[in-house]
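**Q**
Number of protein chains: 2
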Amino acid sequence: MAATLHDVARLAGVSIKTVSNVINERPNVGSATRARVEAAIAELGYTPNLTARGLRSGRKGAITLAVPDLALSYFAELAAEVIAAAEAAGVVVLIEQTGGDRQRELALLKSPRLNMTDGLVFSPLGMGQEDAGALEVAYPLVILGERIFDGPTDHVTMRNVAAAREATGYLLESGRTRIAVVGAHEGEVVGSAGLRLRGYREALEAAGVAYDQELIAYSGLWHRANGATCMRDLLARGVEFDAVFGLNDTLALGAMRVLQEAGMTVPGDVAVMGFDDLEEAPYSIPSLTTVDPGRGWIARTAVKTLLQRIADGGQDRAPETRLAEFEIRRRESTATA
Amino acid sequence: MAATLHDVARLAGVSIKTVSNVINERPNVGSATRARVEAAIAELGYTPNLTARGLRSGRKGAITLAVPDLALSYFAELAAEVIAAAEAAGVVVLIEQTGGDRQRELALLKSPRLNMTDGLVFSPLGMGQEDAGALEVAYPLVILGERIFDGPTDHVTMRNVAAAREATGYLLESGRTRIAVVGAHEGEVVGSAGLRLRGYREALEAAGVAYDQELIAYSGLWHRANGATCMRDLLARGVEFDAVFGLNDTLALGAMRVLQEAGMTVPGDVAVMGFDDLEEAPYSIPSLTTVDPGRGWIARTAVKTLLQRIADGGQDRAPETRLAEFEIRRRESTATA
DNA sequence: CGATCAATATACGACGTTGCACTCCCTCAT
DNA sequence: ATGAGGGAGTGCAACGTCGTATATTGATCG
């Protein structure tokens, strides 16, 4: 059995409350007493029971991170940074996977499991603007991503429209005019797909290039396989293009593979642009030009914001939206001759 | 404030214990009473306080998974499967990252944070056989990987030697005789690198091909960049080879990129074999032949074994080692003309 | 019709911790 | 000498749940 405060108190010859005070570094403990208590703690190998502490104090020292799926690189890298940021603040992270399924996401928001932690960083994928009401919850919540705006909670996200506009603009400037899009979602307005497509259209418009519906390839989940499928579809339809904008890196890499299979050269025949700046982007062949959306900043800010809310307790400050800065990472896949 | 058993009991006009009995589906609750209690639960939106339950019962319904880094694809995909398996058993997963650092790993094993969960699935990377003693801990522990054998705990792992032998054998059978190895660890005997290299040597021996030290490229962490570096090193040294065995997929992909940069064709000039069967392996160019080491099975088995130990309580059954089956996934990177 | 028994429901305390309110005693200014 | 001030340490209660022991009820049986 693990030692308790009682055991330590008995050994040190003080009250259990004094031991508690030593552990929590409170004032009003004499240095001799403190030393005695610390010796007893060391001797018994005492560690505080975090469950009991959580019950008594209401603080658990843990947060939940909910993402669609850790097998999707973007979310794995995001999770890695969230865990690191939380650890730096002395907090642990519990991870839930929703599969990007709206029902599971809505269920998660009401799950009793959440009361195991002090708050939630939530990256929804299936929910939409119409579900904003479901974010009205009793615990601290920070949402990520671009499925819901102006919700009742803090929101940390990236500048999708501006970044996609700049990415597209970069392709246009380097002389490409027929830019295919891979991974669009039919009819979507908000959501990463919708917003990035909007940035794409804005850039075309600014450059006076006509938007051509033919160039848009639609897909479901942003898996590599779907990027490949989109590209096969474009090729099968015989659409002419000299550049591809993958709405994320995974799609871009899948598409690039098919392009090369089909005998086209990148960037010679076709330039390829991604979005996310995954760890693998510099190592594809050719290396992938992409948008670094500020993932690390997003993770750190989400954690900081959530912990702030938790520390604030019940006070209702107005919800805030925080936007990460982005940057185009120029690599080989868009090089000009 | 969230409702408690007391609130429900008051509303339903029964004792708090009866409510508890309803929630825990115990017998000896009349159906009329049960209905009344359930109505009260619904009306108040009561959910059990898991912290209090954890304190009282000693079961928290959560496990910890400790891995080096979620940004490493192998561990991200492993974590995804561990979480899925745990969820199926109604258990949540808390993730710790150790950075593969021996000190942090040792510290984690003694961390008070672990008492927030019921047990640990631990994938060490920095610890070695000499640290086996540190695995003697008071909580249920299942270890993964190949850093420590015959330790005091359950162990779930893959058949590294056999799989590497078969992978190498496959290259030999398809006519390759000068097989470079990427990602070896100098002097390592256990550990994935050491074991896979041993499998490689065994296959060479079985085929009567001499082991050539020149063909082995060493690296630290199995990042893509290190695969690239190894390959640059091999090319710089002017070593002749007609195949590359990357000790994992990430290394193989990094190496393959450099090969192609250098103007060599895969699999024409050089065949490339990986290990892990990452989600991206089928989508590289060319698609990567690799060893599927049974990651899903490992995740499920680790969770099942841990939950079994937890359910068993203090009984000390002898520790067991469970080995996953592997399979070679034949793809383009090793095709023969 | 009273005794017996199972089914149903309850009361009490404990899990290990921390917040609050308290006592004691020493110091220091008046 | 007196009282204010505050450092040091204590005791009690409570967080919300569940296990154990016990009380109550109604049904069954000889």
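First to last, the protein sequences are chains A and B.
The first sequence runs 1 to 337 under the UniProt record's numbering.
The second sequence runs 1 to 337 under the UniProt record's numbering.
A virtual CB, placed ideally from N, CA and C, is assigned to each residue, including glycine.
In chain order, which alpha helix (DSSP H) runs of at least 4 residues are fully inside the segment 177-264 of chain B?
**A** Correct list: 191-207, 224-236 and 249-261.
**Q** So, does the segment 241-249 of chain A touch the segment 276-293 of chain A, judging by three or more C-beta pairs under 8 Å?
**A** Result yes; three or more Cβ-Cβ pairs closer than 8 Å.
**Q** Where are the beta strand (DSSP E) runs, 3 residues long or more, that stay fully inside the segment 15-98 of chain A, in chain order?
**A** The segment 15-98 of chain A contains these whole beta strand (DSSP E) runs: 62-67 and 92-97.
**Q** Does the beta-carbon of residue 395 (chain B) have 16 or more other beta-carbons within 10 angstroms, so that it is buried, or is it exposed?
**A** Since the first residue shown for chain B is 1 and the last is 337, residue 395 (chain B) is missing from the structure and cannot be characterised.
**Q** Taking only three categories from DSSP, how would you classify I143 (chain B)?
**A** Of the three classes helix, strand and coil, the one that applies to I143 (chain B) here is strand, per DSSP.
**Q** So, does the CB of M116 (chain A) fall closer than 7 Å to a CB anywhere in chain B?
**A** So, interface residue.
**Q** Please check if any C-beta of chain B sits within less than 7 Å of the C-beta of G54 (chain A).
**A** It does; some Cβ of chain B falls within 7 Å.
**Q** Among residues of its own chain, excluding the 5 on either side of R309 (chain B), which ones have a beta-carbon nearer than 6 Å to its beta-carbon?
**A** Closer than 6 Å at the Cβ level, and outside the excluded window around R309 (chain B), lie P140.
**Q** Can you find a CB in chain A that lies within less than 7 Å of the CB of P27 (chain B)?
**A** Taking Cβ atoms only, chain A never reaches closer than 7 Å to P27 (chain B), which makes this a no.
**Q** Do you know offhand how far T18 (chain B)'s Cα is from A9 (chain B)'s?
**A** Computed Cα separation, rounded: 8 Å.
**Q** From the DSSP output, read off the bridge partner residues of A2 (chain B).
**A** Note: A2 (chain B) sits in no beta bridge, so no partner.
**Q** In chain order, what residues of the same chain lie with their CB nearer than 8 Å to the CB of L172 (chain A), ignoring the 5 residues before and after it?
**A** Correct list, in chain order: I179, A203, L204, A207 and V209.
**Q** Below 6 Å CB to CB, which residues in the same chain sit around S73 (chain B) once its five sequence neighbours on both sides are set aside?
**A** Hits under 6 Å: L278.
**Q** Would you say I328 (chain B) and Y200 (chain B) are within 7 Å of each other, going by their C-beta atoms?
**A** No, the pair does not count as a contact, with Cβ atoms beyond the cut-off.
**Q** Helix, strand or coil for T168 (chain B), going by three-state DSSP, please let me know.
**A** Three-state DSSP puts T168 (chain B) in a helix.
**Q** With G119 (chain A) and P68 (chain A) assumed to form a contact (beta carbons below 8 Å), what rounded beta-carbon distance in angstroms separates them?
**A** Not a contact, Cβ separation roughly 19 Å.
**Q** Which chain B residues are close to L50 (chain A), counting only those with a beta carbon under 8 Å from its beta carbon?
**A** What L50 (chain A) touches in chain B: P112, R113, N115 and M116.
**Q** Going along the chain, which residues of its own chain have a beta-carbon closer than 7 Å to the beta-carbon of D292 (chain A), five neighbours each way excluded?
**A** D277, F326, E327 and R329, listed in sequence order.
**Q** Does the beta carbon of D276 (chain A) sit closer than 7 Å to a beta carbon anywhere in chain B?
**A** It does not: the Cβ of D276 (chain A) has no partner Cβ on chain B nearer than 7 Å.
**Q** By a C-beta neighbour count over all protein chains shown, 10 Å radius and 16 as the cutoff for buried, is S192 (chain B) buried or exposed?
**A** Label assigned to S192 (chain B): buried.
**Q** For L323 (chain A), which residues does DSSP report across the bridge?
**A** The partner list for L323 (chain A) (beta bridge, DSSP) reads A:T157.
**Q** Output yes if chain B places a C-beta closer than 7 Å to the C-beta of E38 (chain A); else output no.
**A** Judged by the 7 Å Cβ criterion, E38 (chain A) is not in contact with chain B.
**Q** How long is the line joining the alpha carbons of M221 (chain B) and L234 (chain A), rounded to whole angstroms?
**A** First, the amino acid is wrong: residue 221 (chain B) is Leu here, not Met. Cα to Cα, L221 (chain B) sits roughly 39 Å from L234 (chain A).
**Q** State the start and end residues of the unbroken beta strand (DSSP E) segment that holds T290 (chain B).
**A** Note, T290 (chain B): beta strand (DSSP E), T290 to D292.
**Q** Does the CB of V92 (chain B) have a neighbour CB from chain A at under 7 Å?
**A** Chain A, which has a Cβ nearer than 7 Å to the Cβ of V92 (chain B), makes this yes.
**Q** What residues in the segment 61-76 of chain A have a beta carbon less than 9 Å from any beta carbon of chain B?
**A** Correct list: G61, A62, T64, L65, D69, L70, A71, L72, S73, F75 and A76.
**Q** Whole angstroms are fine: how far does the CA of E214 (chain B) sit from the CA of S333 (chain A)?
**A** So the two alpha carbons sit approximately 34 Å from each other.
**Q** Quick check on E105 (chain B) - is its C-beta less than 7 Å from some C-beta in chain A?
**A** With 7 Å as the cut-off, E105 (chain B) does not count as an interface residue toward chain A.
**Q** Let's see if you can read the secondary structure: which residues bound the beta strand (DSSP E) around L120 (chain B)?
**A** Where L120 (chain B) is concerned, the enclosing beta strand (DSSP E) stretches over L120 to F122.
**Q** When the Cβ atoms of the segment 256-265 of chain B are set against those of the segment 294-313 of chain B, are three or more pairs found closer than 8 Å?
**A** These segments do not touch.
**Q** Pull up the CB-CB distance for A236 (chain B) and V181 (chain B), whole angstroms please, since I reckon it's below 8 Å.
**A** The pair is not a contact, with the Cβ atoms about 16 Å apart (cut-off 8 Å).
**Q** Let me see if you follow: with CB-CB separation under 7 Å, is I16 (chain B) close to chain A or not?
**A** No, no contact with chain A.
**Q** T47 (chain B) CB to nearest chain A CB: under 7 Å?
**A** Yes, T47 (chain B) lies at the interface with chain A (some Cβ there is under 7 Å from its Cβ).
**Q** Leaving out the 5 sequence neighbours to the left and right, which residues in its chain are closer than 7 Å to G175 (chain A) when beta-carbon positions are compared?
**A** T336, listed in sequence order.
**Q** Can you name the residues that DSSP bridges to R331 (chain B)?
**A** In the DSSP output, where bridge partners are listed per residue, R331 (chain B) has none listed.
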